[in-house]
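Visitor:
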Amino acid sequence: MPANKVLVTDFDGTVTKHDFYNLVAEELLTPAALRPWSDYLARKITHFEAMRRIYAAIRAPEERLMRVLRDMQPDPELARYAAELKRAGWHVAVASAGCRWYIDIILKNAGVESFEVNASPGLYHPGGPLELSPPTGSPFYSPENGIDKAGIVRHHLDRGAVVAYAGDSFTDLEAALLVPDALRFGTAVLRERLREMNERVNNFNRWGEVAAALLEMRGA
Ligand SMILES: [Mg+2]
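Structure (structure tokens):
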């Protein structure tokens, strides 16, 4: 039976403190390799295509990438909160415009098996690059972003589930606006954008605070 309470959550900058993209951009890539990001901001290419081209420029031993994944700093209490949310009947669906390759590794390293992961598939070749593929098999496939975050929220709302959303970026805005404001969690750019729009948003600094708030809700 599908869960009647679903937390749809962004991953980079939400479940983790830092974004994979920002860390590889700072530590492993040249400014020229980041040009696709400017092309995306100028609306010349899609977000997915920008990510695909930038990840395709990564050249580093896999161990170096593993260090990047640790430096992303997933919430240190991820496993405990994942277990408590599951026990309380909350299903967690990750909705990410990033890459499933590193999300799966981070969740596995944290000992979390209960999350549903919606993200573009990827493969790290020895020495690089990270090959990103469009998630064409996903019911939430979006040519623009890889995954349609708002589409995941709508899917669960349409079948009558209670849906919470957590995110940190402008790519989370549409999805965050769909959920009841008591169940809307934002940090960083997402929080600022929502406040500018006079929309209510629950602040969080790390993902465990979102989980704790959901677990504390009476009757939820
Ligand atoms: Mg994010």
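FYI, the numbering for the sequence shown is 56 to 275, going by our numbering.
Ideal placement from N, C-alpha and C gives every residue a C-beta, glycine not left out.
Just so we're clear, the structure is a prediction, and the values are computed from it rather than from any experiment.
Does the pairing of the region 80-89 with the region 135-144 give three or more beta-carbon distances under 8 Å?
Guide: Because the criterion of three Cβ pairs below 8 Å is not met, the region 80-89 and the region 135-144 do not touch.
Visitor: Hey, out of Val218, Ser151 and Gly241, whose CA is closest to Asp67's CA?
Guide: Comparing Cα positions, the closest option is Ser151.
Visitor: Helix or strand or just coil, what does DSSP make of Ser93?
Guide: Three-state DSSP puts Ser93 in a helix.
Visitor: Does the beta-carbon of Gly241, which I'm using as the reference point, lie nearer than 8 Å to any heavy atom of ligand 1?
Guide: Not under cutoff, so the answer is no.
Visitor: In three-state DSSP terms, what is Glu264?
Guide: In the structure shown, Glu264 sits in a helix (DSSP, three-state: H, G or I).
Visitor: So if DSSP puts Ala221 in a beta bridge, which residue, or which two residues, is it bridged to?
Guide: Answer by DSSP bridge pairing, in chain order: Thr64 and Phe240.
Visitor: Beta-carbon within less than 6 Å of Ala275's beta-carbon, same chain only, minus the 5 sequence neighbours each way: which residues are those?
Guide: Note that Ala275 scores 49 on pLDDT, short of 50, meaning its location in the model is unreliable and no value can be drawn from it.
Visitor: Provide the residue(s) that pair with Thr71 in DSSP beta bridges, ordered along the chain.
Guide: Paired residues: Pro129.
Visitor: Quickly, what does DSSP pair Trp145 with across the bridge? List them, please.
Guide: Per DSSP, Lys60.
Visitor: Roughly how many angstroms separate the alpha carbons of Arg98 and Val172, rounded to a whole number?
Guide: Roughly 27 Å separates the two Cα atoms.
Visitor: Based on Cα-Cα distance, which residue from Glu199, Val256 and Glu271 lies nearest to Ala237?
Guide: Here the closest residue by C-alpha is Val256.
Visitor: Identify every residue that forms a DSSP beta bridge with Ser197.
Guide: DSSP lists Gly201 as partners of Ser197.
Visitor: Taking only the alpha-carbon atoms, compute the straight-line gap between Arg246 and Ile113 and give it to the nearest angstrom.
Guide: One C-alpha to the other measures close to 31 Å.
Visitor: Is it the case that the CB of Gly222 approaches a heavy atom of ligand 1 more closely than 8 Å?
Guide: Yes, the Cβ of Gly222 comes within 8 Å of a heavy atom of ligand 1.
Visitor: For the beta strand (DSSP E) containing Glu171, name the first residue and the last one.
Guide: Glu171 to Ser175 is the extent of the beta strand (DSSP E) around Glu171.
Visitor: Taking Leu185 as part of the beta strand (DSSP E), name the residues at either end of that continuous run.
Guide: Per DSSP, Leu185 belongs to the beta strand (DSSP E) from Leu185 to Leu187.
Visitor: According to DSSP, which residues form a beta bridge with Tyr179?
Guide: DSSP lists Leu185 as partners of Tyr179.
Visitor: Count Cβ pairs between the region 177-184 and the region 106-121 that sit closer than 8 Å; are there 3 or more?
Guide: Yes, they touch.
Visitor: With a threshold of 9 Å between beta-carbons, can Ala150 be considered close to chain C, or not?
Guide: Included in the structure is just one protein chain, with no chain C present.
Visitor: In three-state terms, what does DSSP make of Ala275?
Guide: In this prediction, Ala275 scores a pLDDT of 49, lower than 50, which makes its location untrustworthy; the coordinate-derived value is nonetheless stated afterwards. Reduced to three states, the DSSP call for Ala275 is coil.
Visitor: Under the assumption that Val63 contacts Ile207 (Cβ atoms under 8 Å), give the Cβ distance between them as a whole number of angstroms.
Guide: Contact holds; Cβ gap of about 5 Å.
Visitor: In the DSSP output, which residue or residues are listed as bridge partners for Ala150?
Guide: Per DSSP, Asn173.
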